[in-house]
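Chains as they are written, first to last, in my numbering: chain A, 5 to 288; chain B, 8 to 306.
Here is the structure we will look at, set down as structure tokens.
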Amino acid sequence: MLNPLNNYTLKTNFQRFFVYLFLVVILVISIIPIWLLLVNATRSTPEIQQGLAFFPSTHLMDNYRILRSKGLNLWLGFGNSTFISLATTVLTVYFSMLTAYGIAVYDFPGKKPFYNFIVVLVLLPLQLSIIGFYHYMSKLGLTDNYASLILPAIASAAGVFFAKQYLDSMIIKDLIDAGRIDGASEIGIFHKIMLPIAAPGAFTLGIFSFVASWNNFFNAFILITSLDKYTLPMMVKTLRGDVYRTEYGAIYLGLAITIIPIVIFYALFSRYIISGIAMGSVKE
Amino acid sequence: MQANFRKNYYGYLFIAPFIIGFLIFGLYPVYDTVYLSFTDTTIMSPNSAQWVGLKNFERLFADDFFMRAVRNTWLIWLLNFIPQIGVALLVSVWFTSTRLKIKGVGVWRTLFYMPNLLMPASVAALFFALFSFYGPINQFMVKSGFLPEAMHYLQNTTVTRGLVVFIQWWMWFGQTVIIVMAGMTAISTSLYEAAMVDGASAWQMFSRITMPLLKPILIYIFVTSLVGGMQMFDIPYMLTDGRGSPAYSIMTNNILMYSKFSSSKGHIGAASSVGVLVFIMTTVIALGIFYFLRDRDSQ
């Protein structure tokens, strides 16, 4: 006679097998394009044209030489993107924390509508402002200037939303009162007491704003025109163009250079990123 | 008490930089875009612009290109959103199942999410290379006998559109898994235990407990994905020639807006009207979703 409990475990094991199979399939789909990119960055163009390979070859330096010889200075784009992303990140983190702290700690009239307005702003699409933004920046003479890419970070609605969610979960009123008794100014309390305590949240927010700025193509594409000010995603467009048409090895290497920093970044900080996404969306 | 009340006005000081930044870099550009959409302003002659009323909008509705861009954007978004939410729900149910006890949930999730962080411009260029005539996909398809001979994938409208759909799915399903899982783990396990005692099946628990309680999260995912999807640009722009080839099959709203912006005269008035119209369309749909899915019981 069949034991019903055994039957149950058998069914579970059977299901489990298919679940793992499905997960492995999605995992392969998720990883394989990136893996092929990295492998092909080390293979010569003839090798790439001969067939698929899943293991690296030895032509990394040759590809690099070809990449450099065609006049595309990827490292310049790398430097430009790093500068813009760092500046944007610093502004986003500081001013988002400042604004969110103001909303979380003080009960000023109009605070609720202000915060609701910020939540609406998070969803405001870029289409509704980018052309006007370009037009207005060109009147100010700020097109082709990094200021137009960096300064808007002062008013990042998504940043404030995230910082508010984070601060709500960790602000301790007693600490603020203790600071006041010690004679610290209000802004001093924010700088000396809150910011250090909120560092993990600030760091998570920083990661998100850095990645978003690093990957941002559309704004820079609209606003920047000088070749020496091109950001990395704009250089990808050049890489995709005619000059490199048949130099597959160099193309793959160039793309790999744009992607590797983020992959390393992710390997180091994935914990922050994953918990940050969950926190940005779920309000308990 | 008195001191505390006065301190509350410090709040305005803390939010002042945001407000100033928003007025300069947020509100004014929105105003300017809406204003421009009623004019025939071009980049070449910004000072001789005329107020043309609704003419830009009339032209868009009469323009087959605009309708095509709207259709394309919706189609590409819907076709990637449905499997995205479907796979995310399925995977999340498995990951949170106390019966299956899947190992390494954190690792799976971390790897599934990775494509989301990659530079979209590079991702599109990568898929362009992978699907090029001499690329790895053709090599694989021909060698394994799936195709008799290599084909030009990116000259076929269905394949190209499908590829954009796939890339969007590939980049976003991992994020959806994380959000759906966060929502599922927030549901009290006692509800499921009670249902088990009553002899509920797995499907009944999913449809009667998980789905209703997940509704706010699902609306959140739907709305953010819709707003993002209507702005799709990098992937379709970089995958082919930047004009939505082949046969304008992947020309999205933003590609159309950009092509008006970058046309020889730089029709920023007409480009603005595309942005404004797409915004109105997106907002109406998003509000409609809120309205239909709102919690009727609590009213």
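Virtual Cβ for every residue (Gly too), placed ideally from N, Cα, C.
Residues of chain B with a CB under 9 angstroms from the CB of A/E190: which are they?
For the purposes of this step, residue 190 of chain A is identified with residue 186 of the first sequence, where counting begins at 1. By Cβ distance, chain B contributes K14, Y17, L20, F21.
From A/R184 to A/M174, what distance separates their C-alpha atoms?
Locating residue 184 of chain A in the first sequence gives position 180, where the first residue counts as 1. Locating residue 174 of chain A in the first sequence gives position 170, where the first residue counts as 1. Spanning the two alpha carbons is a distance of roughly 19 angstroms.
Could you check if B/F68 is buried or exposed, using at least 16 other CB atoms within 10 Å of its CB as the buried criterion?
Translated into positions along the second sequence, residue 68 of chain B becomes position 61. By the neighbour-count rule (16 or more Cβ atoms within 10 Å), B/F68 is not buried but exposed.
B/I185 - containing alpha helix (DSSP H), residue span:
Here residue 185 of chain B is taken as the residue at index 178 of the second sequence, counted from 1. Start and end: 164-192.
Please report the Cβ distance between A/V215 and B/L170, rounded to the nearest whole angstrom; I am assuming they are in contact, meaning their Cβ atoms lie under 8 angstroms.
On the first sequence, position 211 is the one that residue 215 of chain A refers to. On the second sequence, position 163 is the one that residue 170 of chain B refers to. That pair is no contact at about 24 angstroms.
Verify the CB distance criterion: does B/L96 have a CB-CB separation below 8 angstroms to chain A?
For the purposes of this step, residue 96 of chain B is taken as the residue at position 89 of the second sequence. False, the Cβ-Cβ gap to chain A never drops below 8 angstroms.
Looking only at C-alpha atoms, which of B/G33, B/Y19, B/Y255 sits nearest to A/I135?
Locating residue 135 of chain A in the first sequence gives position 131, where the first residue counts as 1. Cα-wise, what sits closest to A/I135 is B/G33.
Quick check: is the beta carbon of B/L125 nearer than 8 angstroms to any beta carbon in chain A?
Working through the second sequence from its first residue, we reach residue 125 of chain B at position 118. B/L125 counts as touching chain A.
With a cut-off of 8 angstroms on the beta carbons, I'd call A/T46 and A/P37 a contact; round off their distance for me.
By 1-based counting over the first sequence, the position of residue 46 of chain A is 42. By 1-based counting over the first sequence, the position of residue 37 of chain A is 33. With 8 angstroms as the limit, A/T46 and A/P37 do not qualify as a contact, their Cβ atoms being about 16 angstroms apart.
Same chain, Cβ closer than 8 angstroms to A/M263, neighbours up to 5 away in sequence not counted
The sequence position of residue 263 of chain A within the first sequence is 259, counting from 1. Before going on, a small fix: residue 263 of chain A reads as Ile here, not Met. Here the set comprises I38, L41.
Within 8 angstroms, strictly: CB atoms of A/A161 and A/L125
Residue numbering aside, residue 161 of chain A sits at position 157 when the first sequence is read from its first letter. Residue numbering aside, residue 125 of chain A sits at position 121 when the first sequence is read from its first letter. Yes. Within cutoff.
Starting from the Cα of B/A23, find the closest Cα among A/L227, A/A104, A/I268, A/A188 and give me that residue.
The residue labelled residue 23 of chain B in the question sits at position 16 within the second sequence. The shortest C-alpha separation from B/A23 is found at A/A104.
B/M191 and B/L221 closer than 8 angstroms at C-beta
Here residue 191 of chain B corresponds to residue number 184 of the second sequence, with the count starting at 1. Here residue 221 of chain B corresponds to residue number 214 of the second sequence, with the count starting at 1. The answer is yes: Cβ separation under 8 angstroms.
Can you list the residues of chain B that A/S34 reaches, using a CB-CB cut of under 9 angstroms?
For the purposes of this step, residue 34 of chain A is taken as the residue at position 30 of the first sequence. Under the 9 angstroms cutoff, chain B gives L118, F119, Y120, M121, P122, W177, F180, G181.
Curious, which full-length alpha helix (DSSP H) runs of at least 4 residues does the region 199-252 of chain A contain?
203-219, 222-227, 236-243
Contact set between the region 193-223 of chain A and chain B, restricted to residues whose Cβ is under 8 angstroms from the partner
F194, V215, W218, N219, F221, F222
Contact belief for A/G258 with A/L71 at Cβ below 8 angstroms, rounded distance in angstroms
As a working note, residue 258 of chain A is residue 254 in the first sequence. As a working note, residue 71 of chain A is residue 67 in the first sequence. Indeed, because the Cβ distance is near 5 angstroms, the residues count as touching under 8 angstroms.
Verify the CB distance criterion: does B/A207 have a CB-CB separation below 8 angstroms to chain A?
If you number the second sequence from 1, residue 207 of chain B lands on position 200. Closer than 8 angstroms: no.
Identify the contact partners of B/L154 in chain A, using a Cβ-Cβ distance below 8 angstroms as the criterion.
Residue mapping note: residue 154 of chain B aligns to position 147 of the second sequence, counting from 1. Ordered by position in chain A, no residue passes the 8 angstroms Cβ test against B/L154, which lies about 14 angstroms from the chain.
Looking only at its chain, what residues have a beta carbon closer than 7 angstroms to the beta carbon of A/S217, apart from the 5 residues adjacent to it on each side?
Walking along the first sequence from the start, residue 217 of chain A turns up at place 213. I88, S89, T92, T93, listed in sequence order.
Should A/F58 go down as buried or exposed, given a rule of 16 or more other Cβ atoms within 10 Å for buried?
Taking the first residue of the first sequence as position 1, residue 58 of chain A is located at position 54. Flag for A/F58 reads exposed.
Say whether chain A places a C-beta atom closer than 8 angstroms to the C-beta of B/N79.
Translated into positions along the second sequence, residue 79 of chain B becomes position 72. Not an interface residue.
Can you find a heavy atom of the ligand SAM that lies under 7 angstroms from the Cβ of A/I88?
Annotation note on the ligand SAM: not contained in the displayed structure, which lists no ligands.
Would you check if there are 3 or more beta carbon pairs closer than 8 angstroms linking the region 116-135 of chain B to the region 237-257 of chain B?
yes
First through last residue of the alpha helix (DSSP H) which encompasses B/G113:
Position 106 of the second sequence holds residue 113 of chain B. Unbroken alpha helix (DSSP H) run through B/G113: 112-120.
Could you work out which residue in B/V172, B/F102, B/K110, B/F72 is closest to B/P90 when comparing CA atoms only?
Stepping through the second sequence from its first residue, residue 90 of chain B is reached at position 83. Checking every option, the nearest Cα to that of B/P90 belongs to B/V172.
Beta-carbon proximity list for B/S280, same chain, < 7 angstroms, skipping 5 on both sides
Stepping through the second sequence from its first residue, residue 280 of chain B is reached at position 273. So the qualifying residues of the chain are S44, N63, F64, L67.
Distance check for A/Y248 and A/D232, CA to CA, integer angstroms please.
The residue labelled residue 232 of chain A in the question sits at position 228 within the first sequence. The residue labelled residue 248 of chain A in the question sits at position 244 within the first sequence. Going from the Cα of A/D232 to the Cα of A/Y248 covers about 19 angstroms.
Relative to the C-alpha of A/A3, which candidate in A/F165, A/A203, A/L76, A/T147 has its C-alpha closest?
The structure shown has nothing for residue 3 of chain A, since chain A only spans 5 to 288.
Find out if the Cβ-Cβ distance for the pair A/L27, B/P143 is shorter than 8 angstroms.
Walking along the first sequence from the start, residue 27 of chain A turns up at place 23. Walking along the second sequence from the start, residue 143 of chain B turns up at place 136. Not in contact: A/L27 and B/P143 (Cβ atoms no closer than 8 angstroms).
Taking just the CA atoms, how far does A/K15 sit from A/M5?
As a first step, residue 5 of chain A is located in the first sequence; it is residue number 1 there, counting from the start. As a first step, residue 15 of chain A is located in the first sequence; it is residue number 11 there, counting from the start. Low confidence applies here, because A/M5 scores a pLDDT of 47, under 50, leaving its location unreliable; read the following figure in that light. Roughly 17 angstroms between the two C-alpha positions.
Own chain partners of B/T105 with C-beta closer than 6 angstroms, once the 5 adjacent residues on each side are dropped
Position 98 of the second sequence, counted from the start, is the residue given in the question as residue 105 of chain B. Correct list: empty, nothing qualifies.
Are the C-beta of B/T196 and some C-beta of chain A separated by less than 8 angstroms?
In the second sequence, residue 196 of chain B corresponds to position 189, counting from 1. Chain A contact via Cβ: absent.
What residues in the region 53-74 of chain A have a beta carbon less than 7 angstroms from any beta carbon of chain B?
Q53, G55, L56
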